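Scroll down for the structure; my scribbles are underneath it.
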Amino acid sequence: MPANRFNNFTNYGIGIGLRVPHYQHILSQKPTVDWFEIISENFMVDGGRPLHVLDQILEQYRVVQHGVAMYLGSTDGLNRDHLRKLKRLVKRTNTPWVSDHLCWGSVDGRYTHDLLPLPYTFAAAGHVAQRIREVRDYLEVPVLVENVSSYAEFHASEMTEWEFLSEVVEKADAGILLDVNNIYVSSQNHNFNPYDYLNHIPHDRVGQIHIAGHSKFEKYILDTHDHPVLDPVWKMYAHATRLTGPTATLLEWDDRIPSFDEVHREALKAGKFCEELVRETAVT
Amino acid sequence: MKQPLPELSPGVKKLRAIQRAFATGTMRPLTADLRMQTKWADGKPARQVVAGFIKPNDRLSSFERLEIYNKQYWFRLLDSLYEDFPGLRTLIGEKRFYDLSVAYLMKYPSNSHTLRDLGDRLEKFLKGEPRWIAPHRELALDIVRLEWAHIVAFDGEALPPLEIDALLDGGDPAKLRLGIQPCITFLACGYPVDDYVLAVRRREEPRGEASNAISERLKKRKTGKKIAQSKSEKIWLAVHRSDNGVYYKRLDPEAYLICTALRKGLPLQAACERAFRRRKMDPEFGATLQKWFTQWASFGWFCRVE
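So the protein lines, in turn, are chains A and B.
The numbering of the first sequence is the working numbering, which starts it at 1 and goes up by one.
The numbering of the second sequence is the working numbering, which starts it at 1001 and goes up by one.
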């Protein structure tokens, strides 16, 4: 199941996020990496160093675009200027798919620059699904939606988060970027069993997986991306890959970023789970 | 450039109402001890309003759950302005810069998908509310203009540059119009703010990137030696990009006149005549002019007029 129509029938293996502190190392040492994920918005600019670096990376590596500002759940009209810039970047990177979050972040033209949770209602699911279809039609590449970590729940919700995610992707006929760490964070913040989440989503729609570290506070967990992946998340990842098959996986590390080699080593741990799974499958 | 809002179904109207309430709470300024305000925008108790749409759990009240987002909003946006305007921050001090940033974001909340644009109305804000930069109004405005020009130069648009031969072969100078690269800004300043901002930037770390991770707190940074305030001195600057680095190039006043005239769309001859009026007694000025244009073309400043 690793290659499917949601990841454009690719089998990308283990990637890491392309981050500024690693530019020099990557360009000079040219380490072997399956692929890099870029934050689209960092490169949706008109010129300068970001695009210069990206072009050099593209000469050597496969790149996948991940967005943080599409705000698929917003009730403002889709930002056509944003989409135009995103499509220009899609053509530049030749990304096999584009992902963004199942969230909102702007209202009445004011941007919060955050990934805010949606109430899990049928109306919201229909609204988001319609926007995903519009975005995919415009970009002409598969769109994956990522589950966000959250710290609040709404009285208005009519279903669980995994039911909502399933409802959205089925209505939009879209893929899922399954963030295992986000499921864990939200499960701790909202008292649900994260394995219920993993077990009840449409596994054949998962085109990519995210893993990351988080920070534990007294009363809640924050999705900080500033640590190695913690043990409960690795266990969930192992379970997820059994359900989905070995899937393109990306380690996110966005704050207190250590050396490239340390980030890469951490990411490659995911590969071991996938290799084990392949061995098991071969035996059975 | 947004699409007009389509007619919303009742369910989506409810979604919009929830989003407006959530954004109202998220974007309200924090208290002095970095907590969410206990009163809502309309004066009602915030706990009561928030409990109306957010569920509590066994550890956090509805208010405390929204407060996490409220803090993250301010931490993220204040951090971005903190990185983008180190010169202004150094000039007026950290505490005042913090207060100014909050006031600015209240008056001009972000209207762009990227944090890169967050400071695009800061000059306008400070001109309207100069109390934030008193008694350094002119110096502070020069710094803000330069720091915004730096952002534009860093990743702004650059069109294919025109070579010097292409310039000279352009035909009648009375009609020839040269484009200036969109990422270049020309500034006339009352203070040597280039030296000041460079000194500040050398002291600080480079800017970060957008990601979907969240901060645990407002980052505390080390500040080094105090940087001496500039004394009044007229300077003219081109803030430009070369080999993907941003540079502040000082210009003669006549060079500034020519460049700004070209940017306004004046033909080459008319632009140069503005400078000649100031330097008509200088017999070497023709050679100087040629040297300037050769240098500017080598920097890639010129492009075709679109």
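By construction, the Cβ of each residue, glycine as well, lies at the ideal position given by its N, Cα and C atoms.
All values derive from a computational prediction rather than experimental measurement.
Between residue i and chain A, is the shortest Cβ-Cβ distance under 7 Å, so that the two count as touching?
| i | result |
| --- | --- |
| residue 1109 of chain B | yes |
| residue 1026 of chain B | yes |
| residue 1070 of chain B | no |
| residue 1154 of chain B | yes |
| residue 1102 of chain B | no |
| residue 1119 of chain B | no |
| residue 1048 of chain B | no |
| residue 1018 of chain B | yes |
| residue 1073 of chain B | yes |
Just the Cα atoms here: how many angstroms apart are residue i and residue j?
| i | j | result |
| --- | --- | --- |
| residue 255 of chain A | residue 1023 of chain B | 25 Å |
| residue 1306 of chain B | residue 1202 of chain B | 37 Å |
| residue 1209 of chain B | residue 42 of chain A | Annotation note: pLDDT 49 at residue 1209 of chain B (below 50); position unreliable, coordinate value reported separately. Looking at the two C-alpha atoms, the distance is approximately 7 Å. |
| residue 152 of chain A | residue 51 of chain A | 37 Å |
| residue 1217 of chain B | residue 1239 of chain B | Confidence is the limiting factor: at residue 1217 of chain B the pLDDT is only 49, short of 50, which leaves the residue's position unreliable and the question unanswerable from this model. |
| residue 37 of chain A | residue 167 of chain A | 27 Å |
| residue 1212 of chain B | residue 201 of chain A | Reliability of the predicted coordinates at residue 1212 of chain B is poor, the pLDDT of 48 falling under 50, and the value obtained from them is presented with this limitation in mind. Cα to Cα, the separation comes out at about 23 Å. |
| residue 18 of chain A | residue 1197 of chain B | 29 Å |
| residue 224 of chain A | residue 231 of chain A | 16 Å |
| residue 1166 of chain B | residue 1236 of chain B | 27 Å |
| residue 216 of chain A | residue 183 of chain A | 14 Å |
| residue 1094 of chain B | residue 126 of chain A | 46 Å |
| residue 1130 of chain B | residue 1285 of chain B | 41 Å |
| residue 70 of chain A | residue 1115 of chain B | 14 Å |
| residue 212 of chain A | residue 197 of chain A | 18 Å |
| residue 1046 of chain B | residue 1011 of chain B | 25 Å |
| residue 1064 of chain B | residue 1072 of chain B | 13 Å |
| residue 24 of chain A | residue 30 of chain A | 10 Å |
| residue 1294 of chain B | residue 1155 of chain B | 25 Å |
| residue 35 of chain A | residue 59 of chain A | 12 Å |
| residue 1272 of chain B | residue 1297 of chain B | 15 Å |
| residue 1013 of chain B | residue 73 of chain A | 13 Å |
| residue 94 of chain A | residue 63 of chain A | 8 Å |
| residue 1026 of chain B | residue 1066 of chain B | 7 Å |
| residue 252 of chain A | residue 226 of chain A | 9 Å |
| residue 32 of chain A | residue 77 of chain A | 42 Å |
Nearest chain B C-beta to residue i closer than 7 Å, yes or no?
| i | result |
| --- | --- |
| residue 219 of chain A | yes |
| residue 256 of chain A | no |
| residue 111 of chain A | yes |
| residue 75 of chain A | yes |
| residue 45 of chain A | yes |
| residue 137 of chain A | no |
| residue 107 of chain A | yes |
| residue 48 of chain A | yes |
| residue 151 of chain A | yes |
| residue 119 of chain A | yes |
| residue 280 of chain A | no |
| residue 248 of chain A | no |
| residue 134 of chain A | no |
Look at residue i and residue j and say whether their C-beta atoms are less than 7 Å apart.
| i | j | result |
| --- | --- | --- |
| residue 205 of chain A | residue 245 of chain A | no |
| residue 105 of chain A | residue 144 of chain A | no |
| residue 260 of chain A | residue 22 of chain A | yes |
| residue 1183 of chain B | residue 1263 of chain B | no |
| residue 1111 of chain B | residue 109 of chain A | yes |
| residue 148 of chain A | residue 98 of chain A | no |
| residue 12 of chain A | residue 248 of chain A | yes |
| residue 180 of chain A | residue 263 of chain A | no |
| residue 1303 of chain B | residue 1179 of chain B | yes |
| residue 86 of chain A | residue 40 of chain A | yes |
| residue 48 of chain A | residue 1057 of chain B | no |
| residue 221 of chain A | residue 169 of chain A | no |
| residue 1174 of chain B | residue 1269 of chain B | yes |
| residue 1104 of chain B | residue 1125 of chain B | yes |
| residue 1101 of chain B | residue 1118 of chain B | no |
| residue 138 of chain A | residue 83 of chain A | yes |
| residue 1193 of chain B | residue 1090 of chain B | no |
Name the one or two DSSP bridge partners that residue i has.
| i | result |
| --- | --- |
| residue 250 of chain A | A:15 and A:210 |
| residue 104 of chain A | A:116 |
| residue 1240 of chain B | B:1247 |
| residue 1303 of chain B | B:1179 |
| residue 39 of chain A | A:66 |
| residue 221 of chain A | A:216 |
| residue 1186 of chain B | B:1238 |
| residue 1285 of chain B | Paired residues: none, contrary to the question. |
| residue 299 of chain A | Because chain A is modelled from 1 through 284, residue 299 of chain A falls outside the range shown and cannot be assessed. |
*Looking at C-beta atoms only, is the number of pairs between the stretch 1077-1096 of chain B and the stretch 1039-1055 of chain B that lie closer than 8 Å three or more?*
No: fewer than three Cβ pairs fall under 8 Å.
*How do the stretch 1086-1102 of chain B and the stretch 1134-1148 of chain B stand: do at least 3 beta-carbon pairs fall below 8 Å, yes or no?*
Yes, since at least three Cβ pairs between the stretch 1086-1102 of chain B and the stretch 1134-1148 of chain B fall closer than 8 Å, the two stretches touch.
_the stretch 150-164 of chain A contacting the stretch 1052-1062 of chain B, beta-carbon criterion three pairs below 8 Å_ = Touching, per the Cβ criterion.
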